[in-house]
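As they're listed, the protein sequences go chains D and E. 1 is the number of the first residue of the first sequence in this note's numbering; add one for each residue after it. 1 is the number of the first residue of the second sequence in this note's numbering; add one for each residue after it. Read through the structure below, which is laid out as structure tokens, and then see the notes.
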Amino acid sequence: MADLTIVQHAEAPREERPARRLSAGALCALPVIGLLALGFAAPLVAILGYSVATPRSFDVFRSFTLENFAALFDPTNTVWLSFLWSCGFALLTVALLAVIAYPIAYGLNRVFGRASAFISVLFVFPLFVSENVRLYGWVLFYIKNGVLDGTLKWLGLNGGPEVLYTPGITLFGMLYTYLPFMLFPMTLGLALVPRDLVDAARDLGAGRLFIWREIELPLAMPGILIGMLLTFVLAIGATAEAKILGGQSIIVISHDIEIAFTYSQNWPAGSALAVLVTFFIGALTLFALSKLDLDRMLGRR
Amino acid sequence: MFPTMTAPTAPARRPILQLVGVRKSFGGFHAVQGIDLDVREGEFLTIVGPSGSGKTTLLRMLAGMDSPSEGNITLHGERINDVPPNKRPTCLVFQSLALFPHKSVGENIAFPLKVKGVDAAARKARALELMAIVRLPETYHDKNVMKCSGGERQRVALARALAYDPEVLFFDEPLSAIDYKLKKTLEKELKDLHRETGKTFIYITHSLEEAMVMSDRIGVMRAGKLVQVGTPEEIYGAPVDRFVCEFVGEVNSIEVTRGADGGWSGVDVSGAFKVQPPQGIAEAGAPDRAFIVIRPEYMRVLGPGESADNRVEGVVYNEYSLGSRIQYQVRVNARDGGEKVMLVELSRARALPAGAEPRVTLGWDATDAFTLRG
Numbered sequence: 001m002a003d004l005t006i007v008q009h010a011e012a013p014r015e016e017r018p019a020r021r022l023s024a025g026a027l028c029a030l031p032v033i034g035l036l037a038l039g040f041a042a043p044l045v046a047i048l049g050y051s052v053a054t055p056r057s058f059d060v061f062r063s064f065t066l067e068n069f070a071a072l073f074d075p076t077n078t079v080w081l082s083f084l085w086s087c088g089f090a091l092l093t094v095a096l097l098a099v100i101a102y103p104i105a106y107g108l109n110r111v112f113g114r115a116s117a118f119i120s121v122l123f124v125f126p127l128f129v130s131e132n133v134r135l136y137g138w139v140l141f142y143i144k145n146g147v148l149d150g151t152l153k154w155l156g157l158n159g160g161p162e163v164l165y166t167p168g169i170t171l172f173g174m175l176y177t178y179l180p181f182m183l184f185p186m187t188l189g190l191a192l193v194p195r196d197l198v199d200a201a202r203d204l205g206a207g208r209l210f211i212w213r214e215i216e217l218p219l220a221m222p223g224i225l226i227g228m229l230l231t232f233v234l235a236i237g238a239t240a241e242a243k244i245l246g247g248q249s250i251i252v253i254s255h256d257i258e259i260a261f262t263y264s265q266n267w268p269a270g271s272a273l274a275v276l277v278t279f280f281i282g283a284l285t286l287f288a289l290s291k292l293d294l295d296r297m298l299g300r301r
Numbered sequence: 001m002f003p004t005m006t007a008p009t010a011p012a013r014r015p016i017l018q019l020v021g022v023r024k025s026f027g028g029f030h031a032v033q034g035i036d037l038d039v040r041e042g043e044f045l046t047i048v049g050p051s052g053s054g055k056t057t058l059l060r061m062l063a064g065m066d067s068p069s070e071g072n073i074t075l076h077g078e079r080i081n082d083v084p085p086n087k088r089p090t091c092l093v094f095q096s097l098a099l100f101p102h103k104s105v106g107e108n109i110a111f112p113l114k115v116k117g118v119d120a121a122a123r124k125a126r127a128l129e130l131m132a133i134v135r136l137p138e139t140y141h142d143k144n145v146m147k148c149s150g151g152e153r154q155r156v157a158l159a160r161a162l163a164y165d166p167e168v169l170f171f172d173e174p175l176s177a178i179d180y181k182l183k184k185t186l187e188k189e190l191k192d193l194h195r196e197t198g199k200t201f202i203y204i205t206h207s208l209e210e211a212m213v214m215s216d217r218i219g220v221m222r223a224g225k226l227v228q229v230g231t232p233e234e235i236y237g238a239p240v241d242r243f244v245c246e247f248v249g250e251v252n253s254i255e256v257t258r259g260a261d262g263g264w265s266g267v268d269v270s271g272a273f274k275v276q277p278p279q280g281i282a283e284a285g286a287p288d289r290a291f292i293v294i295r296p297e298y299m300r301v302l303g304p305g306e307s308a309d310n311r312v313e314g315v316v317y318n319e320y321s322l323g324s325r326i327q328y329q330v331r332v333n334a335r336d337g338g339e340k341v342m343l344v345e346l347s348r349a350r351a352l353p354a355g356a357e358p359r360v361t362l363g364w365d366a367t368d369a370f371t372l373r374g
């Protein structure tokens, strides 16, 4: 009897506590929640607000119209062309990078051995320098009388090819910029393929190509797909490559958005476009992630 | 066809796999140091040894994942040193089993058939056949292999190896991570499977118990060398040296020297002993050192009036139940005033009565002990 009363007394206040005070976890999460609300959600809400504001005004949250969206679908508007350029270049970047990064990822896992760590650092190193600075570096390399052209001329040759300010060099810039984002998830994916599975497949009579198709590629797929998704999302929003290297020989969608906010001073139009693009990429990503069943691919389910 | 049923008792057959002076070095480390071995067709051979004895390296060379630094491996008389694993009619069951986690049980088993280009229907039919052989239910065909239990995975790995239809199957301690009871079941199943398929099995383990249950012959490895190859009875009853002897089980050993008169006397336990001449030691010649080895189950507790070739006085101070047998630890007086512990195992029916006088006389006949070189 005495025991029972003690237990009741001890438990009663403990049950009330969560109602009055936040748990330690929630308390710890508060700063992050605040930061996300201010730094991540607030701009999105502002953009959403602007996208339905009166065109060419700053009447955010005070007006409501769908005119901005209607204007985007106006046949005379050329944003769809920019959008196609962005999508096309992003897809091309993903496809080419998959082919370029795979052998490097394979090498980092299986061939380079102890040099792997050093080679990885070489691939990471450019990320420490601002993207714009690196792209201007390429401009200096390819420009007329620049590093390439000048050196070739000095050697008495014809000089370098005139590649700067073309769509091709834009693609080159994107491949260069996004290589690490494809390479490292892919390297991790390949590292997930246990060595003895490859040995076992070989022991069961399989040749190199068969092992690659049946064992290595499917098991590395989670990493490869994550690399592709990451690269695509980054590449579709790319703008510096087209501007700095491509010299606006093609206009990408993020450039259109930037123009609307800066040169045309039409924030509602830019916001509407931003909302549309965000929605498209978000839907695409969610769709891809729903198809990409990591647990099943790793054989956990 | 009778041969499969008569396999275990059949007389020595032609060798299928031969190793001549096989060595393997990694840098300055000599993992395998000169192995000569004839593996007979259809036998169950187990290579047993402590970790680091080179048995896995040996197996990797046999499976083709490493090639020997020196020596020759021949299969049906043809040199296969540098034949890659996918071109050898051999198959290895990995310690990790190495099942393909993204494939179902059926797809795992049918993998070697897919390599050969067998069509889907025939693959499934064969997979189901093999599943029946390794006692996996048919419903498991489409089950994800990672959802299977440890014992089921063993069976999948075995069925997959059989699907390759190899002439020789290698096993790299596949049962090491299995609990005791299941291990006993799987050991017996493997033995049955060996008899049913008539294939040559080469099994690697550090557990002699496993080796004893399953093998036709056992090879004991130590520090990169095969110390002894023989039937389980030979390994147990006539070990070539102390290493094999102690590896096989608990033993009592007494160090002895031969005096000028040809008689043997104890070094660590005082007394004169009647000893069978050790193998390879000349009867005549300079005084020799040797070890008398008596297994605990051959040691007797002498009652009044009983006699034995050799006897030692001691005091029982501990007893352990081994199930059907009881092991006693007996302290005997060592020569330099110290003490030495001897082990005696008696069946429960002959156990010492409770409260009996702890002072006992141990005895054994010379023919129940073996003598090994010092």
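For each residue, glycine too, the CB sits at the ideal point set by N, CA and C. None of the values given here were measured: they were computed from a predicted structure.
Asked: Enumerate, from N- to C-terminal direction, the unbroken beta strand (DSSP E) stretches of 3 or more residues contained entirely within the segment 141–165 of chain E.; Found: none
Asked: Using C-beta distances below 8 Å, list every residue in its chain close to H439/E, excluding the 5 sequence neighbours before and after it, in chain order.; Found: In the structure displayed, chain E extends from 1 to 374; residue 439/E sits before or after that span and is not available.
Asked: Using a beta-carbon distance below 7 Å, is A206/D in contact with chain E?; Found: yes
Asked: Rank W154/D, I47/D, G137/D by C-alpha distance to the C-alpha of T177/D and give the top, closest one.; Found: G137/D
Asked: State the CB to CB distance for the pair A260/D and M174/D, rounded to an integer number of angstroms; the pair is presumed to be in contact (CB under 8 Å).; Found: Between M174/D and A260/D the Cβ distance is about 23 Å, and since that is not below 8 Å, they are no contact.
Asked: Listed from N- to C-terminal order along the chain, which residues in the segment 206–224 of chain D have their beta-carbon within a distance smaller than 7 Å of any beta-carbon of chain E?; Found: A206, G207, F210, I215, P218, L219
Asked: Could you give the distance in angstroms between the alpha-carbon of F61/D and the alpha-carbon of L48/D?; Found: 9 Å
Asked: Using a C-beta to C-beta distance shorter than 9 Å, which residues of chain E count as neighbours of R202/D?; Found: G64, M65, P84, P85, N86
Asked: For T78/D, is the classification buried or exposed, using 16 other Cβ atoms within 10 angstroms of its Cβ as the cut-off for buried?; Found: exposed
Asked: Under the assumption that D241/E contacts V227/E (Cβ atoms under 8 Å), give the Cβ distance between them as a whole number of angstroms.; Found: 7 Å
Asked: Pairing CB atoms from the segment 82–101 of chain E with CB atoms from the segment 49–67 of chain E, are three or more of them under 8 Å?; Found: yes
Asked: When the Cα atoms are used, what is the spatial distance from T257/E to S51/E?; Found: 33 Å
Asked: What residue from E216/D, F279/D, F232/D has the CA that sits closest to Y102/D's CA?; Found: E216/D
Asked: Does DSSP classify D309/E as helix, strand or coil?; Found: coil
Asked: Is it the case that the Cβ atoms of V32/E and G54/E are separated by a distance below 7 Å?; Found: yes
Asked: Would you grab the beta carbon distance between L190/D and N132/D for me? Rounded to a whole angstrom, and I think it's under 8 Å.; Found: Contact doesn't hold; Cβ gap of about 32 Å is too wide.
Asked: Who does H30/E pair with in a DSSP beta bridge?; Found: S25/E
Asked: List, in chain order, every chain D residue whose beta-carbon is nearer than 8 Å to that of A98/E.; Found: P194, D196, L197, D199, A200
Asked: Taking the straight line between their C-alpha atoms, what separation do you get for L289/D and V244/E?; Found: 59 Å
Asked: From T205/E to R195/E, what does the alpha carbon distance come to, in whole angstroms?; Found: 20 Å
Asked: Is there at least one Cβ from chain A nearer than 7 Å to F111/E's Cβ?; Found: Protein chains D and E are contained in the structure displayed, whereas chain A is not.
Asked: A356/E by DSSP, collapsed to three states: which one?; Found: coil
Asked: Tell me the residue span of the beta strand (DSSP E) that contains D119/E.; Found: D119/E -> no beta strand (DSSP E), and no H or E assigned at all.
Asked: Taking only the alpha-carbon atoms, compute the straight-line gap between L230/D and I250/D and give it to the nearest angstrom.; Found: 23 Å
Asked: Please report the distance separating the alpha-carbon of P185/D from that of K143/E.; Found: 29 Å
Asked: When the Cβ atoms of the segment 170–187 of chain E are set against those of the segment 101–118 of chain E, are three or more pairs found closer than 8 Å?; Found: no
Asked: May I ask you to report which of helix, strand or coil DSSP gives V213/E?; Found: helix
Asked: List, from N- to C-terminal side, the alpha helix (DSSP H) runs of 4 residues or more that fit wholly inside the segment 52–137 of chain D.; Found: 67–72, 79–106, 116–124
Asked: Answer yes or no: do T54/D and T65/D have a C-beta to C-beta separation smaller than 7 Å?; Found: yes
Asked: If I127/E and I109/E are in contact, beta carbons under 8 Å, what's the gap, nearest whole angstrom?; Found: Per the sequence shown, the amino acid found at residue 127/E is Ala instead of Ile. With a Cβ gap of about 4 Å, A127/E and I109/E count as contacting.
Asked: Is there at least one Cβ from chain E nearer than 7 Å to M186/D's Cβ?; Found: no
Asked: Report the rounded CA-to-CA distance for P358/E versus Y317/E, giving the unit in angstroms.; Found: 7 Å
Asked: CB-CB under 6 Å to L130/E, same chain, minus the five flanking residues each way: which ones, in chain order?; Found: I109, A159, L162, A163
Asked: Report the residue ranges of all beta strand (DSSP E) runs contained in full by the segment 201–286 of chain D; include only those spanning at least 3 residues, in chain order.; Found: none
Asked: If I measure Cβ to Cβ from A286/E and keep anything under 6 Å in the same chain, skipping five residues before and after, which residues do I get?; Found: Caution is warranted here: a pLDDT of 46 is assigned to A286/E, below 50, making its placement in the model unreliable, and the coordinate value is therefore given only provisionally. So the list is empty, once near-sequence residues are dropped.
Asked: Nearest by alpha-carbon distance to S253/E: which of D216/E, A334/E, G262/E is it?; Found: A334/E
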